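Colleague: Numbering of the sequence shown is given in this note's numbering, commencing with residue 786 and proceeding in unit increments. Note that the Cβ used here is the ideal one computed from N, Cα and C, for glycine as well. Just so you know, these numbers come straight off a predicted model, no measurement behind them.
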Amino acid sequence: MAKIAATESATVTPKVATSSYLEWGGIFGGGVIACAISVVLLQFGSSAGLALGSPTLPNGGASWNVLVAGLWVVIVATASSAAGGYVAGRMRTRWEDSNQSESEFRDGIHGIAVWALATLGAAFFLAMIGGHGAAAVVNRPDAQLNDSMVRLSAHITAIFSFATAAGSALGAAAAWFAAITGGEHRDEGIAFHHVVPVFLRKR
């Protein structure tokens, strides 16, 4: 009997989840951070001159300024998604019934959720901007809408559509891996001070 009692007392019951595996507080926090970083970096790009140069070449085609602006959109999407994903992964509570592989998957899903939330927010904002822009074009005189402007608009739209799609795909991957990294730092107890670059740390 004593042996049976000892065996029963040694049995460990896995912790059962009492709430959703998705922790929306960390997801919304990461999404807000991702959107804020996007706004700041886009403003920085505009102030640095990405939106000030001539968008056309002498032959009427899109200039390198448009290509650089598209590349900046990709960089902004990747960086902001990575930052938001890291926050969500690090803020998530690890359940005791999950192994290392399952924990990494759940951290990654939180990063993807941050990316999805930020993407929907950006899509809503761009839809509003596009609606106002379309209304402005409709109200312009027909004489101002020549063939060169139509071709230029098509080129710029194609470049930014590709940049947006590429940035979205890279942002999803960055959010996934950043969330997993944040979860690893959470489990290992790595202080955020060691994550910040040396030149940004307090002396």
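#1: Taking only the alpha-carbon atoms, compute the straight-line gap between residue 968 and residue 805 and give it to the nearest angstrom.
#2: Grab me the residues of residue 908's own chain with a C-beta within less than 6 Å of its C-beta, minus the 5 sequence neighbours each way, in chain order.
#3: Taking 8 Å as the cut-off, does the stretch 847 to 861 touch the stretch 941 to 952 (at least 3 CB pairs, one atom from each stretch)?
#4: Can you tell which of 852, 813 and 886 has its C-alpha closest to the C-alpha of residue 965?
#5: Smallest Cα separation from residue 810: which of 910, 895 and 958?
#6: Just to confirm, are residue 954 and residue 899 a CB contact at a threshold of 8 Å?
#7: Identify whether residue 877 lies in helix, strand or coil by the three-state DSSP scheme.
#8: Alpha carbon to alpha carbon, how far is residue 959 from residue 938?
#9: What are the boundary residues of the alpha helix (DSSP H) that residue 819 is part of?
#10: Assuming residue 867 and residue 976 form a contact by the criterion Cβ under 8 Å, report the distance between their Cβ atoms to the nearest whole angstrom.
#11: Short of 7 Å in beta carbon distance, which residues of its chain neighbour residue 772, apart from the five on each side in sequence? Order them along the chain.
#12: In the structure shown, what three-state DSSP assignment does residue 928 receive?
#13: Specify the secondary structure class of residue 892 as computed by DSSP and reduced to three states.
#14: Look up residue 805 in the DSSP assignment and say whether it is helix, strand or coil.
Modeller: Reading it off the structure:
#1: 18 Å
#2: none
#3: yes
#4: 886
#5: 895
#6: no
#7: coil
#8: 31 Å
#9: 809 to 832
#10: The Cβ separation is near 19 Å, so there is no contact.
#11: Any property of residue 772 remains undetermined from this structure, which presents the chain solely from 786 to 988.
#12: Because residue 928 carries a pLDDT of 44, less than 50, the predicted location of this residue cannot be relied on, and no value is offered for it.
#13: helix
#14: coil
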